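See below for the structure under consideration.
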Amino acid sequence: MNILLIGSGGREHALAWKLASSEKCKNLYCAPGNAGIAEVAECVEIGVEDIDALVSFVKDNDINFVVVGPEASLVAGIVNPIQELGIPVFGPTKEASILEGSKGFMKDLCQKYDIPTAQYGRFKDLEKAKEFIYELGAPIVIKADGLAAGKGVIIAETIAEAENAAKEMLSGDSFGHAGAEIVVEEFMDGEEMSFFALSDGENFVPLTSAQDHKRVFDGDKGPNTGGMGAYSPAHFATDELEKKIIDRIIRPTVEGMKADSIPFAGVLYAGLMIVDGEPKLIEYNARFGDPETQPLLMRLENDLVDLLMASATGNMQDFDGKISFSDDVTLCVVMAAEGYPASYEKGMEIKNTNALHGDKNVRLFHAGTLRDNSGALVNSGGRVLNIVGRGATTEEAQTIAYEAIAKIDWPEGFYRSDIGWRAIKAQKEKAA
Ligand code: AMP
Ligand code: GLY
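For the sequence shown, the residue numbers in this note's numbering are 24 to 455.
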């Protein structure tokens with residue numbers, strides 16, 4: 024099979040690695056890819072939102088399967104024209120991508136189908152939003168309705184802060200069009216978890232859980248980022264909790280989207296808050312998580328081409344009870360450019376990444392990297408390298424990941440030194 028993968032991050036490098044390892048994969052192309060992906064796929068210079076160029080590439084290169092990584096492609100509507108060509112494509116349609124593309128839509132779906140989530144209101148008018156903010160009280164959460172690269176959420180500690188956030192979003196100052204409508208919602212206090220399931224629009228199979236670290240500094244401090252690290256499974260995931268997530272959240276979502284004639288085929292990435300043992304939905308993403316996918320795919324034992332193809336072709340039931348993840352813990356540390364998530368330099372040279380090859384418990388995935396004219400590896404983005412360690416426990420996986428990362432020679436790079444700390448702390452408390 025000739026496969027086209029769309030995207031350029033660490034998530035896509037992990038997907039490319041697993042797709043390329045399948046016997047079904049003959050030629051793997053990636054648009055636009057990065058320096059790491061170029062080691063397993065042929066990179067083609069087409070942007071993820073350039074729908075016309077992507078569709079032409081599919082037609083001209085005898086592509087048999089398309090796998091979409093990022094939400095920007097999905098929301099721009101890459102899936103529909105490829106389906107129209109009769110070529111299988113992994114990911115939801117433009118219509119179904121609204122589950123991630125509009126936070127208000129997702130909240131209304133929860134209300135309609137009785138899916139547990141925070142109490143909320145949707146607003147375009149500042150005065151009405153303010154009234155609701157007074158009613159709910161602080162702390163309170165203000166969200167831009169549309170896509171804002173993971174940055175459109177303000178946790179306001181005071182009413183004044185909440186009003187200000189609402190005002191800035193609605194005026195278009197903070198997130199442009201994405202903030203023309205906002206969601207104001209109840210603050211939930213609990214432990215966060217990501218849970219993934221694959222759907223073909225009608226049937227679904229649960230995958231596994233992960234926990235990511237969104238804040239830039241140790242101790243989960245500082246501004247939010249795209250993700251500074253993640254590990255899988257989440258340390259407090261139990262069969263009982265997963266059953267609640269499946270029965271109360273995943274199943275009613277798949278059934279509700281189908282009943283509303285916008286069936287969702289692709290990966291449902293549920294961002295959850297576990298409050299007193301009960302799962303509540305924070306948000307849905309319509310694609311794999313980044314960096315969660317990197318540790319998740321290192322645990323996956325199924326053939327990824329078969330699995331994603333089943334989602335794209337309505338055959339998800341073939342995998343019922345057949346999904347297999349290793350019992351190991353995998354832990355991913357993100358190496359970022361100094362200054363990220365604010366401004367940072369590009370084109371800085373990174374050396375000695377080859378030192379990580381050859382250890383089966385370590386994998387290096389590239390995010391924002393490219394080769395310059397001299398062939399040197401340089402950064403082209405803020406999140407640059409993802410180092411995944413595998414171990415029998417979170418602590419072991421963490422040690423392996425940090426021993427590997429120490430070999431990389433990149434003085435202008437930084438990383439958090441405590442990825443997985445919640446799991447390790449909980450395991451130590453349990454042992455004590
Ligand atoms: P999101 O972009 O919706 O994932 O939100 C980013 C982060 O904000 C989440 O990972 C949570 O840590 C936090 N968050 C979002 N909504 C809520 C909420 N209702 N209560 C508490 N924290 C929230
Ligand atoms: N890790 C967060 C995300 O992929 O949105």
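Beta carbons: idealized from backbone N, C-alpha and C, even for Gly. The model shown is predicted, which means the values in this text are computed figures rather than measured ones.
- Task: Answer yes or no: does any C-beta atom of chain C fall closer than 8 angstroms to that of serine 96?
- Result: As a matter of chain content, chain C is missing from the structure shown, which is built from one protein chain.
- Query: If you compare alpha carbons, which of Asp73, Gly370, Glu419 is closest to asparagine 396?
  - Reply: Measuring from the Cα of asparagine 396, the nearest candidate turns out to be Gly370.
- Assuming arginine 310 contacts proline 93 under a Cβ cut-off of 8 angstroms, what Cβ separation, rounded to an integer in Å, is found between them? That belief holds up - the Cβ atoms of arginine 310 and proline 93 are roughly 6 angstroms apart, short of 8 angstroms.
- Is lysine 237 near the ligand MG, in the sense that its beta carbon is under 7 angstroms from a heavy atom of that ligand? Because the ligand MG does not appear in the structure shown, any question about it cannot be addressed here, the ligands present being the ligand AMP and the ligand GLY.
- Message: Quick check on lysine 448: does DSSP put it in helix, strand or coil?
- Response: In the structure shown, the three-state DSSP call for lysine 448 is helix.
- Is tyrosine 367 buried or exposed, if buried means 16 or more other CB atoms sit within 10 Å of its CB? It counts as buried.
- Following the continuous alpha helix (DSSP H) through isoleucine 268, name the residue where it begins and the one where it ends. If you look at isoleucine 268, you'll find it in the alpha helix (DSSP H) that goes 262 to 268.
- Message: Quick check on histidine 258: buried or exposed, where buried means 16 or more other Cβ atoms within 10 Å of its Cβ?
- Response: For histidine 258, the number of other beta carbons within 10 angstroms of its own is at least 16, and it is reported as buried.
- Task: Within 10 angstroms of the Cβ of glutamate 265, are there 16 or more other Cβ atoms? Answer buried if so, exposed if not.
- Result: Within 10 angstroms of the beta-carbon of glutamate 265 lie 16 or more other beta-carbons, which makes it buried.
- Which whole-angstrom value is the C-beta distance of methionine 192 and isoleucine 178, which I expect to be below 8 angstroms? About 14 angstroms separates the two Cβ atoms, so there is no contact after all.
- Query: Bridge partners of methionine 296, per DSSP?
  - Reply: According to DSSP, methionine 296 bridges with Glu215, Lys303.
- Cα separation between leucine 51 and isoleucine 69? Just so you know, the alpha carbons of leucine 51 and isoleucine 69 end up roughly 15 angstroms apart.
- Message: Below 8 angstroms, how does it come out for the segment 200 to 216 and the segment 295 to 314: are there three or more Cβ pairs, yes or no?
- Response: Contact between the segment 200 to 216 and the segment 295 to 314 is established, with three or more Cβ pairs separated by less than 8 angstroms.
- Bridge partner(s) assigned by DSSP for threonine 459: Residue coverage of the chain in this structure runs from 24 to 455, which leaves residue 459 outside it and unanswerable.
- Query: Roughly how far, in whole angstroms, is the beta-carbon of serine 232 from the beta-carbon of threonine 353, given that I think they are within contact range, below 8 angstroms?
  - Reply: The pair is not a contact, with the Cβ atoms about 12 angstroms apart (cut-off 8 angstroms).
- Meets three-Cβ-pair contact criterion under 8 angstroms: the segment 25 to 39 and the segment 314 to 321: Short answer: they touch.
- Query: Excluding the five sequence neighbours on either side, which residues of its own chain have a C-beta within less than 7 angstroms of the C-beta of serine 334, listed in chain order?
  - Reply: Cβ neighbours of serine 334 beyond the five flanking positions: Phe113, Leu221, Ser222, Asp223, Ala288, Gly289.
- If we count the other Cβ atoms within 10 Å of its Cβ and call it buried at 16 or more, is glutamate 123 buried or exposed? Label assigned to glutamate 123: buried.
- To which residues does DSSP link valine 277 through a beta bridge? DSSP, once it has assigned bridges, lists no residue as partnering valine 277.
- Query: How far does the alpha helix (DSSP H) with methionine 321 in it reach, from first residue to last?
  - Reply: Counting along the chain, methionine 321 sits inside the alpha helix (DSSP H) bounded by residues 316 to 322.
- Short Cβ contact (8 angstroms threshold) for isoleucine 465 with glycine 414: In this structure the chain extends from 24 to 455, so residue 465 is not present and cannot be described.
- Query: Mind pulling the beta strand (DSSP E) runs of 3 or more residues that sit fully within the segment 122 to 168?
  - Reply: Counting only runs of 3 or more, we get 143 to 146, 163 to 167.
- Query: Straight-line CA distance for isoleucine 269 to arginine 322?
  - Reply: Each residue's Cα considered, the two are about 20 angstroms apart.
- glycine 471: beta carbon under 7 angstroms from a heavy atom of the ligand GLY? Residue numbering for the chain in the displayed model covers 24 to 455; residue 471 lies beyond these limits and cannot be assessed.
- Message: For glutamine 234, report the span of its alpha helix (DSSP H) as first-last.
- Response: Where glutamine 234 is concerned, there is no enclosing alpha helix (DSSP H), although the beta strand (DSSP E) it sits in stretches over 227 to 235.
- Query: Which value, in whole angstroms, describes the spacing of the CA atoms of threonine 248 and valine 277?
  - Reply: Across the structure, threonine 248 and valine 277 are spaced so that their CA atoms are roughly 29 angstroms apart.
- Simplified DSSP state of serine 255, which is helix, strand or coil: In the three-state reduction of the DSSP assignment, serine 255 falls in the strand class.
- Residue range of the alpha helix (DSSP H) that isoleucine 29 falls in? Unbroken run through isoleucine 29 is the beta strand (DSSP E), 25 to 30; no alpha helix (DSSP H).
- Item | Residues sharing a beta bridge with glutamate 72, DSSP | Beta-bridge pairing links glutamate 72 to no other residue.
- Message: Rounding to the nearest angstrom, what Cα-Cα distance links threonine 181 and aspartate 341 in this structure?
- Response: If you draw a straight line from the Cα of threonine 181 to the Cα of aspartate 341, it comes to about 50 angstroms.
- Message: Following a CB-centred definition, is alanine 141 positioned closer than 7 angstroms to any heavy atom of the ligand AMP?
- Response: Yes, the ligand AMP has a heavy atom inside 7 angstroms of this Cβ.
- Message: Suppose you measure from the CA of phenylalanine 155 to the CA of serine 120; what does that come to, to the nearest Å?
- Response: Roughly 28 angstroms separates the two Cα atoms.
- Query: alanine 95: buried (16+ other C-beta within 10 angstroms of its C-beta) or exposed?
  - Reply: Buried, because 16 or more other Cβ atoms sit within 10 Å of the Cβ of alanine 95.
- Query: Is any heavy atom of the ligand AMP found at a distance shorter than 7 angstroms from the C-beta of phenylalanine 437?
  - Reply: Not under cutoff, so the answer is no.
- Just curious, the beta strand (DSSP E) that arginine 238 is in, first and last residue? Note, arginine 238: beta strand (DSSP E), 238 to 240.
- Message: I'd like the span of the alpha helix (DSSP H) that includes leucine 330, first residue to last.
- Response: From DSSP, the alpha helix (DSSP H) with leucine 330 extends over 327 to 335.
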